[in-house]
DNA sequence: GTCTATAGATGGATAGAC
DNA sequence: GTCTATCCATCTATAGAC
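Protein chains in written order, with this note's numbering: chain W, 47 to 245; chain B, 47 to 245.
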């Protein structure tokens, strides 16, 4: 699978992002200082301003990366999956889980520290989040129409599935369960939640 | 239901806790300053130290309150519920959801800012969290033994249910869905997840 | 681009009067 | 218990040399 490395810019800019990602995910945006980030990236704090105009701009790029990554994965999952609602939902949940297993820090920062961004910078991330939620609801609604699913409240099921996936970033550890195990099990749970028979 | 007011100490101490709860839940522990908290409580920052020896001690009390509240609710739910596994699981999930609807700020602080506590002060909260998780797993395992439930992985189901409940604190709004609606719907989802027929 | 040095603001916490 | 005043550390960000 793709590594975090491939998502980040090369050179110092990428090292700064990685350093900030690590510290933000552990201590939060306000709990990590410019000096901490610079030290973690192997530079002095003043040098950091040759690459980013402010601490908030670093966070903004991480939040953007995280939301774009997740939404891209979900879209691809639906496109590449079969045409049956069950296949589509399974692909969605699996991709959601796997993304959170692969990039837990990115998910944590994108979710926890979104509130530290200005409304303008947070807007696009919030929009992506809403689109992802809508994508899940569309797949569920389609399954209801075809008779594959039986769901009293699509919004609540989609919200529940989003909650399950998001939290994976906080507890996932490959020695506890493999990412594939979690992805498959959560996909089974999703099918049960929409009233679809699961083997 | 019980109000937040009844959980907090009286007088200035309680006002400080409420002020800190509001600010921590919105900006996080490091994003809210002693001066912010004091102003929100209607006192000067120096006065705050007549009631708490440090900012961390305020957080510690909030985190303790949040975890004790939730675990108490879950224990009571099982005790007061019927003897069938389905009734017990339904009661657990309903209590979990309702607690997060009633005290969303407390839940957010208890979960998000736990990492800002010293290991000693975080230990009891982590222990309570584990007990709550174990309680859910015990109920599920019991249902599996009686044949009421069919669950391939108890840990993952309990984790998924915990994730669903925890996230309620972030999105719940009474004008979107009532707490009772969310509680009942999530309880139905839980029964589906454990392979139990739901009306 | 990277550094040293520092400005200017804000942070948690304390001293001492009332 | 609450206040005013303040200490001192740390914060984000900038200036200017190389």
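Every residue, glycine too, gets a C-beta built ideally from N, C-alpha and C.
Note that the coordinates shown come from a computational prediction; the quantities given were computed from them, not determined experimentally.
Under the DSSP assignment, residue 65/W falls in the alpha helix (DSSP H) whose first and last residues are 57 to 73.
Nearest Cα to residue 54/W within the set 114/W, 100/W and 164/W: 114/W. Put simply, the segment 58 to 70 of chain B touches the segment 101 to 108 of chain B. At least three CB pairs are less than 8 angstroms apart.
Within chain B, the C-beta atoms nearer than 9 angstroms to that of residue 77/W come from 74, 75, 76, 77, 161 and 162, in chain order. Annotated as proximal: residue 240/B and residue 189/B, with beta-carbon spacing under 8 angstroms. If you ignore the 5 residues before and after residue 63/B, its C-beta comes within less than 6 angstroms of the C-beta of 54, all in its own chain and listed in chain order. Taking 8 angstroms as the threshold, the shortest C-beta distance from residue 241/W to chain B falls below it. Note on residue 96/B: under 16 other CB atoms within 10 angstroms of its CB, so exposed under the neighbour-count rule.
Considering only 56/W, 50/W, 61/W and 208/W, the residue with the shortest C-alpha distance to residue 141/W is 208/W.
The three-state secondary structure of residue 93/W, taken from DSSP, is helix. From the listed residues 86/W, 185/W, 196/W and 221/W, the smallest Cα separation to residue 147/W is found for 221/W. In this structure, residue 74/B sits near residue 159/B, with a CB-CB distance shorter than 8 angstroms. With the rule of 3 Cβ pairs closer than 8 angstroms, the segment 175 to 187 of chain W does not count as touching the segment 168 to 184 of chain B. Between the alpha carbons of residue 81/W and residue 215/W lies a gap of roughly 26 angstroms.
Counting C-beta atoms within 10 angstroms of its own C-beta, residue 101/B has 16 or more neighbours from the protein chains shown and is therefore classed as buried. Ranked by Cα distance from residue 103/W, the options 172/W, 162/W and 116/W are led by 162/W.
In the DSSP assignment, residue 201/B falls within the unbroken alpha helix (DSSP H) covering 200 to 217. Assignment of alpha helix (DSSP H) within the segment 217 to 245 of chain W, counting only whole runs of 4 or more residues, yields 225 to 239 in chain order.
Taking CB atoms only, residue 67/B has no neighbour in chain W less than 8 angstroms away. Between residue 194/W and residue 130/W, the gap from beta carbon to beta carbon is short of 8 angstroms.
Secondary structure note for residue 188/B: its alpha helix (DSSP H) is the uninterrupted segment 165 to 192.
Not a single CB atom of chain W sits nearer than 8 angstroms to the CB of residue 183/B. With contacts defined as CB atoms closer than 8 angstroms, residue 58/W and residue 89/W qualify as a contacting pair. Here the alpha carbon of residue 173/W sits roughly 10 angstroms from the alpha carbon of residue 117/W. Between the beta-carbon of residue 237/W and that of residue 135/W there is about 7 angstroms, and that keeps the pair under the 8 angstroms contact cut. When the beta-carbon positions are compared, residue 155/W and residue 112/W come within less than 8 angstroms of each other. Residue 192/W counts as exposed, since fewer than 16 other C-beta atoms from the protein chains shown sit within 10 angstroms of its C-beta.
When rounded, the separation of the alpha-carbon atoms in residue 200/B and residue 218/W is 16 angstroms.
For residue 112/W, the enclosing alpha helix (DSSP H) has its first and last residue at 101 to 126.
In the structure shown, residue 49/B falls within a coil segment according to DSSP collapsed to helix, strand and coil.
Taking a C-beta distance under 8 angstroms as the contact criterion, residue 91/B and residue 151/B do not qualify as a contact pair. For residue 82/B, the enclosing alpha helix (DSSP H) covers residues 80 to 87. Residue range 131 to 148 is occupied by the alpha helix (DSSP H) that includes residue 132/W. Straight across, the Cα-Cα distance linking residue 186/W with residue 205/W is about 12 angstroms. In this structure, residue 119/B lies near residue 145/B, with their beta-carbon atoms less than 8 angstroms apart.
Within 10 angstroms of the beta-carbon of residue 127/W lie 16 or more other beta-carbons, which makes it buried.
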